[in-house]
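Trainee: One structure coming up, written as structure tokens, with questions to follow.
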Amino acid sequence: MKVKRKYVPDLARMMAEGEANYRRLLKLLPALDAGTSCRYGLRLPDGQLGQLSLRVVENFAYTTALEVEQSLGESPWLKTPLLHVRLYHDARIAEVIAPRNRMLEGVYLYPNPAMRAPDEKAQLNTFLAEWLNHCIDYGLSQEPVEVVRL
1 MKVKRKYVPD LARMMAEGEA NYRRLLKLLP ALDAGTSCRY GLRLPDGQLG QLSLRVVENF
61 AYTTALEVEQ SLGESPWLKT PLLHVRLYHD ARIAEVIAPR NRMLEGVYLY PNPAMRAPDE
121 KAQLNTFLAE WLNHCIDYGL SQEPVEVVRL
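In our numbering, the protein residues as written are 1 to 150.
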């Protein structure tokens, strides 16, 4: 009989991903004052323009809370992805703390009543990394640009 091994998070990978996400977020949203926001347009495969929005919810000396939301146009059956992300400035790490106002556990036992994956938090941090990379590589800023004549 094969014994199922308990899921053990890969701490080194999680820390590396958190550090990389921190740098990506600062690249996309350099000003971290409360209320600051920015939007990036993302070309979808069908030619429509989706949008990734970053908004600073709160800012303290050592942490900043962000909302990262992707809108893909109108869909009656699909909610727009929304992630709550916390930046830890002393450690220079960003981590997803909640998707859609639902706090995450570090690890879930499986099976569980909600059928959450054992590594759901790690998967959401990887998802955030993919969003941010795509936005850095292909995103179009939707903020007005001030042109100064010399």
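Glycine included, C-beta positions come from ideal geometry on N, C-alpha and C.
Mapping the DSSP letters down to three states, classify GLY18 as helix, strand or coil.
Mentor: Helix.
Trainee: By how many angstroms is the C-alpha of ARG86 removed from the C-alpha of LEU32?
Mentor: Each residue's alpha carbon lies about 12 Å from the other.
Trainee: Could you give the C-beta distance for ARG39 and GLN142, rounded to a whole number, given that I count them as a contact under 8 Å?
Mentor: Right, their Cβ atoms sit about 4 Å apart.
Trainee: Would you list, in sequence order, the uninterrupted beta strand (DSSP E) runs of no fewer than 3 residues that lie entirely inside the segment 18-51?
Mentor: Qualifying beta strand (DSSP E) stretches, in chain order: 37-43.
Trainee: From VAL8 to THR63, what distance separates their C-alpha atoms?
Mentor: Roughly 27 Å between the two C-alpha positions.
Trainee: Leaving out five residues before and five after SER37 in sequence, what residues of the same chain have Cβ atoms less than 6 Å from its Cβ?
Mentor: Taken in chain order, the residues that qualify are ARG55.
Trainee: Let me know if GLU58 comes out buried or exposed under the rule of 16 or more other beta-carbons within 10 Å of its beta-carbon.
Mentor: It counts as exposed.
Trainee: Do you know whose CA, among SER71, ALA61, LEU26, LEU66, lies nearest GLN48's CA?
Mentor: Looking at the Cα atoms, SER71 is the closest of the given residues.
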